[in-house]
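> Numbering (my numbering), first residue to last: 17 to 296. One structure, pasted below without further comment.
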Amino acid sequence: MECRITVLCENTVTAPGFLGEHGFSAYIETGGDTILFDTGQGFSLVQNSLRLQKDLKRVSQLVLSHGHYDHTGGLIPFLGARGPCRVAAHPDVFSERFVMMPAPGGGERPMSIGMPWPRAWLATRGAQFEWHRDFTEIAPGVFITGEVPRKTLFELGSPRFVVARDGGWEPDPFLDDFSMILKTSRGLVVVLGCAHAGVVNILNHAMEKTGDRRIHAVLGGTHLGLSPDPQLDPTIRALKDLDIQVLAVSHCTGQKPVARLAAEFGGRFAFGSVGFALEV
């Protein structure tokens with residue numbers, strides 16, 4: 017299978033006429049299917065799609081990586097441009113999510129960062145939700161990871177991301193953290209939303225489920241920018257062991273990890289900003 021993946025929404029832009037925002041969205045063309053992965057916050061999706069000549073009306077289905085505002089906020093603009101559309105997601109995508117932020121005078125306070133739209137509101141605008149928990153083929157040669165087992169010892173994530181439970185706060189389990197996998201003649205192409213499950217966990221899961229040990233390309237957010245510092249070194253070692261040919265990071269990877277990854281991977285590194293296209 018051949019594919020082309022174009023970044024529509026991302027934090028940074030490298031050419032005039034594009035809009036940047038804290039968020040992520042990718043337009044995936046496989047020949048037979050066109051899939052939108054995430055929608056960003058909603059400020060730039062339609063504008064950037066027009067600028068890049070990526071027709072949102074051609075999208076056959078939308079996949080949501082998880083229920084944070086910077087990946088789901090563009091649902092209303094997308095449905096306005098596309099009309100009714102299938103939406104693949106985990107049932108937890110509508111869970112209330114928070115991040116603990118510094119409070120004035122000391123301490124921390126929760127800030128809501130979950131899905132900004134009620135499910136009923138989205139349904140009336142044409143969102144046709146299809147719920148998934150397991151590894152699933154959603155189009156020929158195109159898969160969603162489903163719930164990713166946490167097996168590595170070093171991918172602990174950030175304790176700042178929480179959910180409310182029993183009158184207190186607990187770490188968000190991020191069961192809805194989905195990535196996409198495309199099987200190509202060169203190996204697997206893995207598209208990440210934020211990789212809350214851990215990028216190495218996700219890649220190991222992709223190889224196990226597909227039976228293909230070749231990771232050709234990884235594109236998207238790795239969340240290394242908001243993860244504990246000790247997570248970076250073992251992540252880089254594991255990624256090097258996989259012999260990835262294209263590592264195009266985006267969004268939540270963070271400036272310092274980006275600089276380190278660029279130095280470590282050299283010509284195999286790319287920054288997946290708005291307009292970046294990967295063709296396999």
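Yeah, the Cβ is synthetic: ideal placement off N, Cα and C, and Gly gets one too. Keep in mind that this is a model prediction, so the values were computed, not measured.
1) Restricting to Cα atoms, I'd like to know which of ARG135, SER195, LEU169 and PHE170 is closest to GLU163.
2) Alpha helix (DSSP H) containing ALA211: first to last residue?
3) Give every residue of the same chain whose Cβ lies closer than 7 Å to the Cβ of PHE190, excluding the five residues on either side of it in the sequence, and list them in chain order.
4) Distance check for GLU146 and SER243, CA to CA, integer angstroms please.
5) Just the C-alpha distance for ILE218 and THR161, rounded to the nearest angstrom, thanks.
6) Could you pull out every residue in the same chain whose Cβ sits closer than 8 Å to the Cβ of GLY130, ignoring the five residues on either side in sequence?
7) Excluding the 5 residues preceding and the 5 following GLY99 in the sequence, name in chain order all residues of the same chain whose CB lies nearer than 7 Å to its CB.
8) To the nearest angstrom, how far is the alpha carbon of THR30 from that of MET116?
9) In whole angstroms, what is the alpha-carbon distance linking GLU18 and VAL215?
10) Check whether the Cβ atoms of ASP108 and ASP192 lie closer than 8 Å to each other.
11) Among residues of its own chain, excluding the 5 on either side of PRO93, which ones have a beta-carbon nearer than 6 Å to its beta-carbon?
12) Might you give, ordered along the chain, the residues of its own chain that have their beta carbon closer than 6 Å to the beta carbon of THR28, omitting 5 neighbours on each side?
13) Decide if the segment 132 to 139 is in contact with the segment 163 to 179; the criterion is three or more beta carbon pairs, one per stretch, under 8 Å apart.
14) Work out the CA separation of SER76 and GLN379 for me, nearest whole Å.
15) Exposed or buried, which one is GLU26 when buried takes at least 16 other CB atoms within 10 Å?
16) Can you grab the Cα-Cα spacing for the pair ALA104 / GLY121, in whole Å?
17) Mind reading off the beta-carbon distance from LYS167 to ASN220? Whole number of angstroms is fine, and I expect it under 8 Å.
18) Based on DSSP bridge pairs, tell me the residues matched to VAL79.
19) Restricting to Cα atoms, I'd like to know which of PRO32, GLY39, ASN64 and ARG20 is closest to ASP49.
20) Which whole-angstrom value describes the C-beta separation of VAL207 and PHE34, a residue pair presumed to lie in contact below a C-beta threshold of 8 Å?
21) Hey, could you find the ends of the alpha helix (DSSP H) PRO93 is sitting in?
22) Quick one: complete alpha helix (DSSP H) runs, 4+ long, within the segment 168 to 202?
23) Smallest Cα separation from SER201: which of ALA293, ARG230 and ASP188?
24) What is the DSSP secondary structure of MET117, counted as helix, strand or coil?
25) Determine, using beta carbons only, whether VAL265 and ARG284 come nearer to each other than 8 Å.
26) Going by the CB atoms, is the gap between LEU66 and LEU24 shorter than 8 Å?
In brief:
1) Among ARG135, SER195, LEU169 and PHE170, the Cα nearest to that of GLU163 is on SER195.
2) In the DSSP annotation of this structure, ALA211 is not part of any alpha helix (DSSP H), being labelled neither H nor E.
3) A distance below 7 Å between beta-carbons, with the five flanking residues on each side excluded, links PHE190 to the following residues of its chain, in chain order: HIS82, HIS212 and ALA213.
4) Straight-line spacing of the CA atoms in SER243 and GLU146 works out to 31 Å.
5) Roughly 8 Å between the two C-alpha positions.
6) Cβ within range, chain order: GLY83, HIS84, TYR85, PHE110, SER111, GLU112, ARG113 and PHE114.
7) Short of 7 Å from the beta carbon of GLY99, and not among the five residues preceding or following it, lie these beta carbons of its own chain, in chain order: GLY142.
8) Cα-Cα distance, rounded: 31 Å.
9) Rounded to the nearest angstrom, the two C-alpha atoms are 23 Å apart.
10) Against a cut-off of 8 Å, the Cβ pair of ASP192 and ASP108 comes out as a contact.
11) Listed in chain order, the non-local C-beta contacts of PRO93 below 6 Å within the same chain comprise GLY58, LEU61 and VAL62, local neighbours out to five positions each way being set aside.
12) These residues qualify, in order along the chain: GLY36 and SER289.
13) Judged by Cβ distances under 8 Å, the segment 132 to 139 makes no contact with the segment 163 to 179, as fewer than three pairs qualify.
14) An answer regarding residue 379 cannot be provided, because it is not within the stretch 17 to 296 covered by the chain.
15) Its Cβ being crowded by 16 or more others within 10 Å, GLU26 is buried.
16) ALA104 and GLY121: Cα-Cα distance of roughly 42 Å.
17) Taking C-beta atoms under 8 Å as the contact rule, LYS167 and ASN220 qualify, at a distance of about 7 Å.
18) In the DSSP output, where bridge partners are listed per residue, VAL79 has PHE53 and ALA104.
19) Of PRO32, GLY39, ASN64 and ARG20, the residue nearest in Cα terms is ARG20.
20) Not a contact, Cβ separation roughly 20 Å.
21) Where PRO93 is concerned, the enclosing alpha helix (DSSP H) stretches over 91 to 98.
22) List check, alpha helix (DSSP H) in window: nothing returned.
23) The residue with the shortest Cα to Cα distance from SER201 is ARG230.
24) Shown here, MET117 sits in a strand according to DSSP, grouped into three states.
25) Note that the C-beta distance between VAL265 and ARG284 is not below 8 Å.
26) Remark: C-beta atoms of LEU24 and LEU66 do not approach each other more closely than 8 Å.
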